[in-house]
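Chains as they are written, first to last, in the numbering used here: chain H, 1 to 152; chain X, 1 to 260.
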């Protein structure tokens with residue numbers, strides 16, 4: 001009987017450990033298993049990605065529609081080439097949509113905002129957004145401001 | 001002068017020999033064909049002793065550490081108007097650092113010292129020797145189940161500590177200080193990454209569990225079989241394993257988050 005209560009206690013400990021792991025995975029780190037599988041890849045070239053990182057959000061009107069999967073240098077154009085995965089259900093982005101790198105809040109993380117265009121044809125696997133706007137870099141902004149002041 | 005040098009040399013050699021014996025004990029007790037029918041009941045008994053019985057102290061300290069983090073984080077972050085980030089702060093500091101380290105320190109004090117004293121007393125009362133007399137290897141029967149139990153139970157306790165701590169933090173921040181629960185959890189989920197934060201915390205606790213239980217078992221096994229020797233061994237277990245945990249934590253953190 002003593003052994004039985006020990007076994008129940010140890011079983012409870014292991015169960016509590018498993019529940020904790022699942023809680024940590026889903027409630028704390030927000031791991032979801034659906035995002036990584038589906039979706040199609042689109043590309044965009046930016047002059048400057050600023051502090052954009054992989055796994056950053058891609059959003060349309062503030063709603064997440066995908067995430068950044070890779071950032072590399074396009075060696076021919078010498079620009080940053082950003083690969084994004086867009087969820088499968090978002091199949092209505094027109095071909096002339098534009099992409100901007102935006103900042104959440106004043107000091108928040110960088111994300112990509114998509115502004116839809118008007119064309120009938122939609123973005124599909126492997127297509128490229130041509131109309132892009134780079135991240136706002138504070139130093140450049142201040143530089144421009146000072147330059148304007150001087151020229152006045 | 002010569003005497004002092006001699007003493008230093010002797011101490012160094014003693015330490016080296018002890019390290020060698022520790023490694024020998026580890027290899028001899030763990031590397032052997034598995035015998036599930038005899039080992040499993042012993043392992044369950046030890047898991048109960050080092051794991052289940054440490055649960056209360058882990059739950060209580062996890063809850064209070066989480067609550068304190070929530071409170072301190074709030075008082076600092078409210079100055080910058082970003083008190084929504086409390087969830088992120090509590091979760092990251094618990095999952096990455098506090099849960100593995102504090103759990104390992106508590107585990108060394110609660111379970112490690114008990115294991116050392118138990119094995120030391122077995123040695124002093126010549127139980128280990130009598131096992132050998134009847135043809136049972138004490139390394140397999142006494143040492144191995146305890147090593148496995150510590151190695152298995154510390155990561156489990158660490159995860160429980162994290163969850164309880166985060167719950168304590170949300171208790172203070174959301175229910176008491178009135179942070180909107182949606183932004184508390186959303187900020188946390190946006191910033192905590194499963195593989196870099198949660199898994200690295202678990203890897204840390206695996207390393208700590210191994211080191212703490214190894215030190216505890218070895219200090220008991222290697223204790224001078226007198227009452228004074230056992231008390232010294234118990235003290236050494238707590239001191240050595242705390243130092244090892246804190247030192248290793250820096251190294252592991254540097255490897256995991258230091259981008260070296």
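Just so it is clear, CB atoms sit at the ideal spot from N, CA and C, and this is done for glycine as well. Given the structure is predicted, the values throughout are model-derived calculations rather than measurements.
Restricted to the region 119-150 of chain H, the beta strand (DSSP E) segments that are unbroken, complete and at least 3 residues in length are 131-133, listed in chain order.
Residues of the same chain with their beta carbon placed closer than 7 Å to that of residue 190 of chain X are lacking, with the five preceding and five following residues left out of the count. For residue 69 of chain H, the uninterrupted beta strand (DSSP E) segment begins and ends at 63-74. Take residue 216 of chain X, set aside five residues on each side of it, and the residues of its chain with a beta-carbon closer than 6 Å to its own are 112, 115, 116 and 237, in chain order. Between the region 239-247 of chain X and the region 132-141 of chain X there are fewer than three C-beta pairs closer than 8 Å, too few to call the two in contact. Taking the Cβ atoms as the reference, residue 60 of chain H lies roughly 5 Å from residue 114 of chain H, within the contact range of under 8 Å. Measuring C-alpha to C-alpha distances from residue 153 of chain X to each of X/52, X/67 and X/235 identifies X/52 as the nearest. Residue-level contact by beta carbon fails for residue 84 of chain X and chain H, as no gap is shorter than 7 Å. Residue pairing of residue 40 of chain H in beta bridges, as defined by DSSP: H/86. Classified as exposed, residue 31 of chain X has fewer than 16 neighbouring CB atoms from the shown chains inside 10 Å of its CB. For residue 44 of chain X, the enclosing alpha helix (DSSP H) starts and ends at 36-46.
Residue environment for residue 80 of chain X: exposed (fewer than 16 other C-beta atoms within 10 angstroms of its C-beta).
Distance from the CA atom of residue 89 of chain H to the CA atom of residue 82 of chain H, rounded to whole angstroms, is 21 Å. For the region 54-70 of chain H, there are no residues whose beta carbon sits under 7 Å from a beta carbon of chain X. Look at residue 140 of chain X here: in three-state DSSP terms it is helix. Contact residues of the region 53-76 of chain X toward chain H are 55 (C-beta to C-beta distance below 8 Å).
Scanning chain X for C-beta atoms nearer than 7 Å to the C-beta of residue 14 of chain H yields 156, reported in chain order. Under the Cβ distance rule, residue 47 of chain X counts among the residues neighbouring chain H, one pair being separated by less than 7 Å. With fewer than 16 neighbouring CB atoms inside 10 Å of its own CB, residue 55 of chain H falls in the exposed class. For residue 98 of chain X, there is no enclosing beta strand (DSSP E), as DSSP gives it neither H nor E. Residue X/157 holds the alpha-carbon nearest to the alpha-carbon of residue 58 of chain X among X/157, X/95 and X/201.
Inter-segment contact for the region 91-99 of chain X and the region 193-211 of chain X is present: three or more beta-carbon pairs are separated by less than 8 Å. For residue 111 of chain H, the enclosing beta strand (DSSP E) begins and ends at 110-115.
Spanning the alpha carbons of residue 187 of chain X and residue 104 of chain X requires a straight line of approximately 28 Å.
Sequence-ordered contacts of the region 135-152 of chain H with chain X are nonexistent [C-beta pairs closer than 8 Å].
Residue contact check for residue 91 of chain X against chain H: a CB pair falls below 7 Å.
Using beta-carbon distances, residue 113 of chain H does not count as an interface residue toward chain X, since no partner is under 7 Å. Using beta-carbon distances, residue 25 of chain H counts as an interface residue toward chain X, with a partner under 7 Å. The continuous alpha helix (DSSP H) containing residue 75 of chain X extends over residues 55-77.
Pairing residue 86 of chain H with residue 135 of chain H gives a Cβ-Cβ distance that is not under 7 Å. Per DSSP, residue 223 of chain X lies in no alpha helix (DSSP H) segment and is marked neither H nor E.
Excluding residues up to 5 positions away in sequence, 44, 46 and 99 lie with their Cβ nearer than 6 Å to the Cβ of residue 132 of chain H in the same chain.
At least one C-beta of chain X is nearer than 7 Å to the C-beta of residue 9 of chain H.
Around the C-beta of residue 67 of chain H, 16 or more other C-beta atoms lie within 10 Å, and the residue is accordingly described as buried.
Looking at the DSSP output, residue 57 of chain H sits in a beta bridge with H/67.
Restricting attention to H/111, H/117 and H/75, the CA atom closest to the CA of residue 92 of chain H is found in H/117.
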